[in-house]
Amino acid sequence: MIHITHHTRRRLLQGFVGVVLLGSAAAAQSAVPAAEFVRETAIAQMFGIESATLALHKTSSPAIKDFAHALASEQGAVTSGLRRIIAKRSDIALPDRPDGRHLDLLRDLTDKQGAAFDKAYVEAQRSTHHDVAVLMERYANEGDDPELKSFAVQSLPVFRELDRKARELPVGP
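Rendered as structure tokens:
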């Protein structure tokens, strides 16, 4: 019978766990399917435009108002580009409204006023634009649909800039 010391057993277990985690990370970073990319992008765009509209009505912060104007304008242009691509296709459909998570965020923003609104808005924009910038970059690098990959490459600078601007927004007064 082979005698394995506690130290050796522990190192083997650590190695095994490392291999499992590495495999999980690789699976998590697998290419995003085209339909999922379109769905997530469209939902983020809907959320961006709807939340910008709320911000323009609810905030008194000039920085947030400027961001909301830029967001609505830039998201509108990106949305048109995505709609033009999808209009020619029958294999992918655009969602007609945000998903549950983004609807909850919009309801939460609708219910807030003043500084509480500003704080929630900035946090939502930071999270959303970071996630979309990462999604665009992943699809630009790994996407399997040439037309959508080109869209991601062209849109990536817009989303990187929105991510940067969102991180610079003031959270409080």
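-13 is the number of the first residue of the sequence shown in our numbering; add one for each residue after it. Note that beta-carbon positions come from the ideal geometry of N, C-alpha and C, so glycine has one too.
1) Quick one: is the Cβ of L142 within less than 6 Å of any heavy atom of the ligand COA?
2) Count the other C-beta atoms from every protein chain shown that fall within 10 angstroms of the C-beta of S141, then say buried if there are 16 or more, exposed otherwise.
3) Using the rule of at least 16 other Cβ atoms within 10 Å of the residue's Cβ for burial, across every protein chain shown, is Q31 buried or exposed?
4) Pull up the distance between the alpha-carbon of V157 and that of R150, whole angstroms please.
5) Measuring CA to CA, which of R83, R124 and D77 is closest to I29?
6) Using the C-alpha atoms, what's the distance from Q61 back to R146?
7) Looking at A56: is its Cβ nearer than 7 Å to the Cβ of L155?
8) Relative to the C-alpha of A54, which candidate in A79, L40, T65 and V64 has its C-alpha closest?
9) Suppose contacts are defined by Cβ-Cβ distances below 7 Å. Is V144 in contact with V18 by that definition?
On the basis of the coordinates in this document:
1) Within the structure as shown, the ligand COA is missing, as the structure has no ligands at all.
2) buried
3) buried
4) 14 Å
5) R83
6) 13 Å
7) no
8) L40
9) no
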